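Working notes for the structure below.
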Amino acid sequence: MSELREKVVLVSGATGGIGAAVCHEFARKDAKIIALGRNADKLESLISTLPGHGHQKLVFDAQKPTSLPEPQKDWATLQVDLAIHALGGTLGIRETDTDFENWQKVFNANFHAIVELDKLILRNMLSRQSGRIIHLCSSSAFHCKGSAPYGAAKAALAHYSRSQGKRLARQGVIVFGFSPGVVESPNNWGKAKTENPAAYQAACESQPSGKLQTPEEIASNLSLLSQGAAALYAGCLINADGAI
267 MSELREKVVL
277 VSGATGGIGA
287 AVCHEFARKD
297 AKIIALGRNA
307 DKLESLISTL
317 PGHGHQKLVF
327 DAQKPTSLPE
337 PQKDWATLQV
347 DLAIHALGGT
357 LGIRETDTDF
367 ENWQKVFNAN
377 FHAIVELDKL
387 ILRNMLSRQS
397 GRIIHLCSSS
407 AFHCKGSAPY
417 GAAKAALAHY
427 SRSQGKRLAR
437 QGVIVFGFSP
447 GVVESPNNWG
457 KAKTENPAAY
467 QAACESQPSG
477 KLQTPEEIAS
487 NLSLLSQGAA
497 ALYAGCLINA
507 DGAI
């Protein structure tokens with residue numbers, strides 16, 4: 267029997283490539299999914315495809331991180347056993363000298379929204395002295411390639427993950443970061459495969475396997491890391507970036 271059976275798993279960024287794959291992976295292991303995102307119709311469509319029962323959606327706009335959603339239960343009594351934050355992206359903003367509003371948008375989506383959500387999730391986790399939170403970081407935080415606003419926001423998330431992990435471990439809550447490399451999601455490298463094949467090929471060649479990571483591979487790894495002796499990872503940043 268899966269350790270995840272009947273566990274409540276909140277997935278933010280649930281309709282994105284990695285987020286949707288995570289929802290399916292954990293639902294197949296009999297977890298109950300709270301799918302969080304900004305588009306109610308897409309969330310409803312996602313939930314309708316998940317195996318199992320007891321899943322629900324939660325609408326939340328990452329660009330308004332302090333306007334937090336109110337689920338059916340108060341956050342203090344809403345039991346979330348595991349939260350996986352797959353929010354974020356470049357939002358098409360890549361220039362270092364872009365204006366402040368664009369920097370703010372990228373930080374909202376990749377950092378501020380996650381911090382605010384964690385505050386709510388932790389109310390019940392800390393009262394039970396039990397829970398796990400995984401933040402999807404990025405190798406962009408370290409290799410200084412690609413979008414500067416995105417990389418900077420992910421660097422902030424990496425630091426926050428390690429700080430929270432150290433702070434909360436003795437209170438029964440395990441927090442850590444997971445940093446994938448180049449992932450072929452439909453809206454990024456999936457498009458580049460046809461629109462910019464040279465860049466796509468270069469990205470593939472940057473990986474030891476010669477191919478990009480898939481959302482399903484990321485979801486499978488997160489499933490493994492969320493079970494068993496996850497306490498070992500408290501405050502860690504796990505790199506799975508293909509040594510780029």
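Residues in the sequence shown are numbered consecutively from 267, following our numbering. Ideal Cβ positions, reconstructed from N, Cα and C, are used throughout, including at glycine. The structure displayed is predicted, hence computed values, not measured ones.
Output needed for residue i: all residues of its chain with C-beta closer than 6 Å, excluding positions within five of it in sequence on either side, in chain order.
i	result
A377	The question names Ala, but residue 377 in the sequence shown is Phe. For F377, where only same-chain residues beyond five positions count, the Cβ hits under 6 Å are A419, A422, L423.
Q338	Reliability fails at Q338, whose pLDDT of 47 lies under 50, so the model's placement of it is uncertain and the value that follows must be treated cautiously. Around Q338: no qualifying Cβ.
G431	V441, F442, A500, G501
S489	E291
A506	P446
L434	V441
L491	none
A297	L270, K273, V275
Reducing DSSP to helix, strand and coil, say where residue i ends up.
i	result
P331	coil
K323	strand
K308	helix
Q370	helix
P256	Because the chain here runs from 267 to 510, residue 256 falls outside it and cannot be looked at.
Q479	strand
T278	The identity of residue 278 in the sequence shown is Ser, whereas the question assumes Thr. In the structure shown, S278 sits in a strand (DSSP, three-state: E or B).
P446	strand
L402	strand
N487	helix
K432	helix
A287	helix
V346	coil
L270	coil
A469	helix
A506	strand
A500	coil
G412	coil
A297	coil
Q338	Residue placement at Q338 is flagged as unreliable, the pLDDT there being 47, under the threshold of 50; the coordinate-derived value follows with that caveat. Note: Q338 maps to coil in three-state DSSP.
G397	strand
L357	coil
Leaving out the 5 sequence neighbours to the left and right, which residues in its chain are closer than 7 Å to residue i when beta-carbon positions are compared?
i	result
L302	L276, V277, S278, A280, L324, F326
A465	A458
Q395	Q437, G438
N305	T281
C410	G417
L392	Q437, V439
I484	I284, A287, P446, V449
T362	A414
C470	G476, K477, L478
Buried or exposed for residue i, please, with buried defined as at least 16 other CB atoms from any protein chain shown within 10 angstroms of its CB.
i	result
Q479	buried
E291	buried
A468	exposed
E450	buried
P331	buried
K477	exposed
R428	buried
L503	buried
A497	exposed
A495	exposed
S268	exposed
Write down the C-beta distance between residue i and residue j rounded to the nearest angstrom, noting that I regard them as a contact closer than 8 Å.
i	j	result
P415	T364	7 Å
I400	D384	No, I400 and D384 are not in contact; Cβ-Cβ is about 11 Å, not under 8 Å.
G285	A352	4 Å
A287	P481	4 Å
L357	V372	6 Å
A375	G354	5 Å
Q473	L270	Not a contact, Cβ separation roughly 29 Å.
Less than 7 Å between the CB of residue i and some heavy atom of the ligand MG, yes or no?
i	result
Q395	This structure does not include the ligand MG; it has no bound ligands of any sort.
Spatial neighbours of residue i within its chain, please: C-beta separation below 8 Å, excluding the five flanking residues on both sides.
i	result
N462	none
R294	P317, G318
P452	G283
Please determine if the segment 351 to 367 and the segment 304 to 322 are in contact, where contact requires at least 3 C-beta pairs separated by less than 8 Å.
no
Would you be able to state if there are at least three C-beta pairs under 8 Å between the segment 306 to 318 and the segment 343 to 352?
Contact between the segment 343 to 352 and the segment 306 to 318 is absent, with fewer than three C-beta pairs closer than 8 Å.
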